[in-house]
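Heads up: the sequence shown begins at 1 in our numbering, then just goes up one per residue.
Ideal placement from N, C-alpha and C gives every residue a C-beta, glycine not left out.
In what follows, a single structure is set out as structure tokens and then discussed.
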Amino acid sequence: MRLLPRRGGVAVRRFDTAAGQWLNADGGTTVDRDELTVATFNIWFDDYHAEQRYRAIAELFSERRPDVVVLQEVTPMALRMFIDRRWVRDEYLRVSVVGGDTGNYGMLMLSRVPVARATYSRLPTRQSRGFLEAELSVDGARMNVCCVHLDSGKSSARLRGWQLRRIFRSQKTAEDAVVLGDFNMRDTENGRIIAPYCDVWPALRPEDPGFTEDTSINHMRYDARNKKRHVRFDRVLLKGTRWRAADIELLGTEPISPDLPRVFPSDHFGVACRLVRHR
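Below, the structure is given as structure tokens:
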């Protein structure tokens, strides 16, 4: 287990059409928004129908155009597939950490909102886990977005508690923050999410379990593990008073093709959340 996390800056890049490549971007100017949509998806690093699955996930986001997208389990091949999309190159800034400290896969953040800076922090971990943080410039104020991927497995519950506390401490001075991604937390760990953070799904849809791994629907997940599972690993947490969560939904809950009825975009479902400004 690594006990001492490392934290460092990560390049924010914009695609330069003239140069034909992703180049470092400046912080940009603030933008005025009454609404922001954020989305998270653990895209599953497995090779199983990977290209087709990643294409299906890209299509979901192409249709919705969230303001901020965070992806976990991003392999070099997956990274290339997403950042080569024309709509991504035309509209989004890119922040990514793939390989190196992140192991065999990493994280990708895409933002249509100016990013003043980005950092990656390695957590105490058995699985090369950390969190990717971006400081967005919205309405002349700072809004932090953190993409997280906590250690997995029931035996890592205590470790996830340490990781979550470390992430929360990193956001102590942020007035507004969104922490989203794959928390790998079971319902018995829900007590770790306390004020000033709001777990958006149960706040907005208390009668809906919101399972993001659900073998009753996702037959690919069952085929891969031969085990039934109904858990809400993927979450959106909101802190602050300037924004409120208006709605939240699951993504990727259908097979990628009628010809492949047991192949889903991932073994997880994604989550998209719409935020609106308090007035």
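(message) Would you say the beta carbon of residue 156 is closer than 7 Å to some non-hydrogen atom of the ligand ZN?
(response) The ligand ZN is not part of this structure, which contains no ligands at all.
(request) Specify the secondary structure class of residue 126 as computed by DSSP and reduced to three states. (result) Counted from its first residue, the sequence shown places residue 126 at position 126. Here residue 126 sits in coil by DSSP.
(message) DSSP three-state label for residue 193, please.
(response) Position 193 of the sequence shown, counted from the start, is the residue given in the question as residue 193. Looking at residue 193 - three-state DSSP - the assignment turns out to be coil, as it is neither helix nor strand.
(message) I'd like to confirm the pairing. Which residues does DSSP put opposite residue 168 in its beta bridges?
(response) For this step, residue 168 is matched to residue 168 along the sequence shown. Per DSSP, none; premise fails for residue 168.
(message) In whole angstroms, give me the CA-to-CA distance for residue 255 and residue 190.
(response) Position 255 of the sequence shown, counting from 1, holds the residue named residue 255. Position 190 of the sequence shown, counting from 1, holds the residue named residue 190. When rounded, the distance between both Cα atoms is 30 Å.
(message) Along the chain, where does the beta strand (DSSP E) containing residue 57 start, and where does it finish?
(response) Residue 57 sits at position 57 when you count from the first residue of the sequence shown. Counting along the chain, residue 57 falls outside any beta strand (DSSP E), though it belongs to the alpha helix (DSSP H) covering 50–64.
(message) Check for me: the beta strand (DSSP E) holding residue 44 runs from which residue to which?
(response) Within the sequence shown, numbered from 1, the residue matching residue 44 stands at position 44. Careful: residue 44 lies outside any beta strand (DSSP E) and carries neither H nor E.
(request) Note down, in chain order, each residue of its chain lying with its Cβ closer than 6 Å to the Cβ of residue 232, except the 5 sequence neighbours on either side. (result) Here residue 232 refers to the residue found at position 232 of the sequence shown. If we look at residue 232 and ignore the five residues flanking it on each side, its Cβ neighbours are 210, 211 and 212.
(request) Would you mind listing the alpha helix (DSSP H) stretches within the region 77–161 that are 4+ residues and don't spill past its ends, in chain order? (result) 86–91
(request) Report the residue from 60, 8 and 95 whose alpha carbon sits nearest the alpha carbon of residue 115. (result) Along the sequence shown, one-based indexing puts residue 115 at 115. The shortest C-alpha separation from residue 115 is found at 95.
(message) Taking 8 Å as the limit between beta carbons, can you name the residues of its chain near residue 262, skipping five residues before and five after?
(response) Along the sequence shown, one-based indexing puts residue 262 at 262. These residues qualify, in order along the chain: 219, 220, 223 and 255.
(message) Please classify residue 163 as buried or exposed, where buried requires at least 16 other C-beta atoms within 10 Å of its C-beta.
(response) For this step, residue 163 is matched to residue 163 along the sequence shown. Buried, because 16 or more other Cβ atoms sit within 10 Å of the Cβ of residue 163.
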